[in-house]
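Structure record follows, encoded as structure tokens.
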Amino acid sequence: MPWLVAFMVFLAVLAFALAASMHQVAGRWDKGARGTLTVQVPVSAADDGQALAAVLALLRATPGIASAEPLADAQLAALIEPWIGPLAAGDIPIPRLIDVRARPGARPDLESLRVRLGAAAPGTVVDDHRAWLGRLLALMRALEATALAVLGLVLVVTVGTVIFTTRTGLSIHHEAVEVMHLIGAQDSYIARQFAGRALALGLKGGAIGLMLALPALAVIGALFGRESGGILPEVTFSFLHWTAIGAMPLVVALTGMATARFTVLGSLSRIL
Amino acid sequence: MKKAADDNIVRFENAGLRYGFGPEVLQDVTFALAEGSFHFLTGESGAGKSSLLKLLYLALKPTRGVVALFGRDVASLARPSLPALRRQVGVVFQEFRLLAHLSTFDNVALPLRIAGVRGSEVNRNVTELLAWVGLKDQMKARPSTLSGGQQQRVAIARAVIGRPKLLLADEPTGNVDDRMALRLMHLFEELNRLGTTVVIATHNVSLVERLGHGRLHLEGGRLTLGAPGGAGRPDKRPGAEDAAGSSGLGASAPGSPGRGATIDARGVEPAHPTAQAPVREWILKGVP
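As they're listed, the protein sequences go chains A and B.
The opening residue of the first sequence carries number 1045 in the numbering used here; numbering runs sequentially from there.
The opening residue of the second sequence carries number 163 in the numbering used here; numbering runs sequentially from there.
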């Protein structure tokens, strides 16, 4: 049983860590994208910045818009460098990007804004990030839900395992249980013997599982960290997260103890 | 329950028992055991001795009739109240049923621990009793390393450690030689003199005749010997104690220390004589 519990705790810790990470990533993406727009203004050889200025003026005059700042050339070059390599100025016409931030709680009318920006500078595109972010967020939420489901399954499997183990134990120790029963042991006394044993084995297995899970978590964290600041936002676990992870063996062991107790009480209730 | 019935430790009234849908293994069993009585339960194999003992140690309830222990109708008792009643019954099982994973000490201590007795008291009582039955040097031994006779003494020690009001033994002489059988019987008689009601199921007819106690005889699940409504009731008439002395017919009142010393004269020697007095005192304290 200890190794089975160790395996369960190992899975539970990883599932919890995944759920917590996905929750954080999704939350940050959602928060980061909410109230931001990217406006793309096409440039042409004839344009010496008038279109950009017109769009900026229009944006800054729009109610609910807190700021509208064009990205510098260096920032633009850095954004496209991973895909097409370093560019010299003037190699290809690169549309200008404007980072627009709405005031908290404000919801600018995007359709109206698109029409007005299109009129001021034809070809201007307004991107509220919803199209791609929505799919990513859905993916993150699905991963989070899956991890939570795995966590729930781990607990269910743990309960099932303990029930099976306890019943086997009852079968093996049938003689001892019956003797204790006949010499006047309360059901709770007998159940306590099994529950105590289940708790001890659960804690032992849980500690092993946690010891195995922590290095695995460190490796995954390191891999994850490489992407931090890029596509993936940085994920850090709070004290509460670490407390929850540290408490996993105890939760699983206590679940095992309670399960053993109820299993024994259920079995004993069927005899006089 | 009638007040008159409270005088008896055990009362059976037309008790019947069947296992599942099988035939009745006990039929219309009616008898009563007075406090402090000593009885043999005899009968052929399959006559129902073990089933009757199971009713007595509350492993089963009768399928019909009344079984009352210590004045309480077993059928009317809620399940949670049964353990307290069981603690007043000491049982020496036929195959001893010692717990293999526990030491001699822990096997004997089990009833006290179950009853919630303090650790220091457990240590003192168990040590004294094991000395009394000659197993002080085997306290840490596991049952599998003990001889049949030693295991038997552990089983008896476990049965009496809780100072039961009723002591039951199922074929306690089945695995020992005649000499040891007689020693064990004298031990039971000694406990009986100290007030414990004793019922011993046995095949050993010569032993039954030799000791001459009251007898409950079963044939085909029916009680054919043992007067209903007071079998073994202690004879409290003047002079009866002496008359019962040789038979040990439970004549001494519970708690009477009168003839306790005869344990030596009858051949059961305490391995540690100095331990005998405290043990006697401990037994006389009564059930906690």
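The beta carbon of each residue, even a glycine, is placed where N, CA and C say it ideally should be.
Identify whether residue i lies in helix, strand or coil by the three-state DSSP scheme.
{"i": "A/His1225", "result": "helix"}
{"i": "B/Gly252", "result": "strand"}
{"i": "B/Ala240", "result": "coil"}
{"i": "B/Glu162", "result": "Residue 162 of chain B is absent from the model: chain B starts at 163 and stops at 450."}
{"i": "B/Leu215", "result": "helix"}
{"i": "B/Gly233", "result": "coil"}
{"i": "A/Val1203", "result": "helix"}
{"i": "A/Leu1309", "result": "helix"}
{"i": "A/Thr1080", "result": "strand"}
{"i": "A/His1218", "result": "helix"}
{"i": "B/Val360", "result": "strand"}
{"i": "B/Glu403", "result": "For B/Glu403, the predicted model reports a pLDDT of 37, less than 50, meaning its position is unreliable; a value from the coordinates is still stated below. Helix, per DSSP."}
{"i": "A/Arg1211", "result": "helix"}
{"i": "B/Val172", "result": "strand"}
{"i": "B/Ser418", "result": "Because B/Ser418 carries a pLDDT of 29, less than 50, the predicted location of this residue cannot be relied on, and the following value inherits that uncertainty. Here B/Ser418 sits in coil by DSSP."}
{"i": "B/Phe183", "result": "coil"}
{"i": "B/Gly178", "result": "strand"}
{"i": "B/Ala427", "result": "Legend: pLDDT at B/Ala427 = 26, less than 50; position of this residue unreliable, value from coordinates given subsequently. If DSSP states are grouped into helix, strand and coil, B/Ala427 belongs with the helices."}
{"i": "B/Glu290", "result": "helix"}
{"i": "A/Leu1120", "result": "helix"}
{"i": "B/Pro440", "result": "For B/Pro440, the predicted model reports a pLDDT of 48, less than 50, meaning its position is unreliable and no value from the coordinates is stated."}
{"i": "A/Glu1113", "result": "strand"}
{"i": "B/Arg280", "result": "coil"}
{"i": "B/Arg377", "result": "strand"}
{"i": "A/Leu1048", "result": "helix"}
{"i": "B/His201", "result": "strand"}
{"i": "A/Arg1314", "result": "coil"}
{"i": "B/Arg345", "result": "helix"}
{"i": "A/Ala1244", "result": "helix"}
Taking residue i as the query, report the chain A residues whose CB atoms sit under 9 Å from its CB, ordered along the chain.
{"i": "B/Lys327", "result": "Per Cβ cutoff of 9 Å: no residues; B/Lys327 is ~12 Å from chain A at best."}
Which whole-angstrom value is the C-beta distance of residue i and residue j, which I expect to be below 8 Å?
{"i": "B/Thr225", "j": "B/Gly178", "result": "6 Å"}
{"i": "A/Leu1081", "j": "A/Val1170", "result": "6 Å"}
{"i": "A/Ala1063", "j": "A/Leu1226", "result": "Actually they are not in contact, since the Cβ atoms of A/Ala1063 and A/Leu1226 sit about 49 Å apart, beyond 8 Å."}
{"i": "B/Thr364", "j": "B/Thr335", "result": "6 Å"}
{"i": "A/Val1053", "j": "A/Val1203", "result": "So it is not a contact: roughly 14 Å between Cβ atoms."}
{"i": "A/Leu1048", "j": "A/Thr1205", "result": "6 Å"}
{"i": "B/His379", "j": "B/Thr204", "result": "5 Å"}
{"i": "B/Val316", "j": "B/Asn269", "result": "6 Å"}
{"i": "A/Ala1146", "j": "A/Gly1079", "result": "4 Å"}
{"i": "B/Val228", "j": "B/Glu175", "result": "4 Å"}
{"i": "A/Pro1046", "j": "A/Leu1187", "result": "At roughly 30 Å, the Cβ-Cβ gap does not stay under 8 Å, so A/Pro1046 and A/Leu1187 are not in contact."}
{"i": "A/Leu1294", "j": "A/Gly1250", "result": "7 Å"}
{"i": "A/Ala1070", "j": "A/Arg1174", "result": "With 8 Å as the limit, A/Ala1070 and A/Arg1174 do not qualify as a contact, their Cβ atoms being about 14 Å apart."}
{"i": "B/Lys223", "j": "B/Ala240", "result": "With a Cβ gap of about 12 Å, B/Lys223 and B/Ala240 do not count as contacting."}
{"i": "A/Ala1288", "j": "A/Phe1060", "result": "6 Å"}
{"i": "B/Ser109", "j": "B/Lys302", "result": "No statement about residue 109 of chain B is possible, as the shown extent of chain B runs from 163 to 450 and does not include it."}
Closer than 7 Å by beta-carbon distance: list the chain B residues that pair up with residue i, in chain order.
{"i": "A/Val1223", "result": "Arg259 and Leu261"}
{"i": "A/Ala1220", "result": "Leu261"}
Of the choices the options, whose alpha-carbon is the least far from that of residue i?
{"i": "B/Ala194", "options": "B/Gln300, B/Gln314, B/Leu231 and B/Val251", "result": "B/Leu231"}
{"i": "B/Val360", "options": "B/Glu290, B/Tyr219 and B/Glu206", "result": "B/Tyr219"}
{"i": "A/Leu1141", "options": "A/Val1099, A/Arg1174, A/Leu1243 and A/Arg1179", "result": "A/Val1099"}
{"i": "A/Phe1306", "options": "A/Met1255, A/Ser1232 and A/Ile1315", "result": "A/Ser1232"}
{"i": "A/Ala1105", "options": "A/Val1144, A/Met1224 and A/Leu1199", "result": "A/Val1144"}
{"i": "A/Ile1207", "options": "A/Ala1302, A/Val1279, A/Asp1117 and A/Leu1123", "result": "A/Ala1302"}
{"i": "B/Asn217", "options": "B/Ser368, B/Arg345, B/Gly376 and B/Asp332", "result": "For the record, residue 217 of chain B in the displayed sequence is Leu; it is not Asn. When each option's Cα is compared against that of B/Leu217, the closest is B/Asp332."}
{"i": "A/Asp1172", "options": "A/Leu1284, A/Trp1073 and A/Gly1228", "result": "A/Trp1073"}
{"i": "A/Leu1058", "options": "A/Leu1254, A/Ala1229 and A/Val1308", "result": "A/Leu1254"}
{"i": "A/Ala1239", "options": "A/Val1159, A/Ala1056 and A/Thr1210", "result": "A/Thr1210"}
{"i": "B/Gly278", "options": "A/Ala1229, A/Ile1315 and A/Pro1086", "result": "A/Ala1229"}
{"i": "B/Asp190", "options": "B/Glu206, B/Gly210, B/Ala262 and B/Glu197", "result": "B/Gly210"}
{"i": "B/Arg345", "options": "B/Lys327, B/Arg372, B/Ser207 and B/Gly324", "result": "B/Arg372"}
{"i": "B/Phe350", "options": "B/Ile362, B/Gln300 and B/Asp340", "result": "B/Ile362"}
{"i": "B/Leu188", "options": "B/Ser212, B/Glu197, B/Val172 and B/Asp169", "result": "B/Ser212"}
{"i": "B/Gly383", "options": "B/Leu214, B/Phe200 and B/Arg173", "result": "B/Leu214"}
{"i": "B/Ala196", "options": "B/Gly374, B/Lys327 and B/Glu283", "result": "B/Lys327"}
Find the residues of chain A that neighbour residue i, judging by a C-beta separation of less than 8 Å, and give them in chain order.
{"i": "B/Pro273", "result": "Ile1227 and Gly1228"}
{"i": "B/Ala277", "result": "Gly1228"}
{"i": "B/Arg249", "result": "Ile1227 and Gly1228"}
{"i": "B/Val253", "result": "Leu1226 and Ile1227"}
Using a C-beta to C-beta distance shorter than 8 Å, which residues of chain B count as neighbours of residue i?
{"i": "A/Ala1297", "result": "Here the premise fails: no neighbours, minimum Cβ distance about 23 Å."}
{"i": "A/Leu1316", "result": "Leu220, Ala221, Leu222, Lys223, Arg241 and Leu244"}
Quick one: list the residues of chain A neighbouring residue i, beta-carbon separation under 7 Å, in chain order.
{"i": "B/Ile362", "result": "What B/Ile362 touches in chain A: nothing, since even the nearest Cβ is about 17 Å away."}
Residue i: beta carbon under 8 Å from a heavy atom of the ligand FAD?
{"i": "B/Leu369", "result": "Of the ligands one can find in the structure shown there are none, so the ligand FAD has no counterpart to examine."}
**Request:** Please go through the region 306-338 of chain B and give each complete beta strand (DSSP E) segment of 3 or more residues, from N-terminal end onward.
**Result:** 328-332
**Request:** Could you name each continuous alpha helix (DSSP H) segment of 4 residues or more that falls completely within the region 1139-1186 of chain A, going from the start of the chain to the end?
**Result:** 1154-1164
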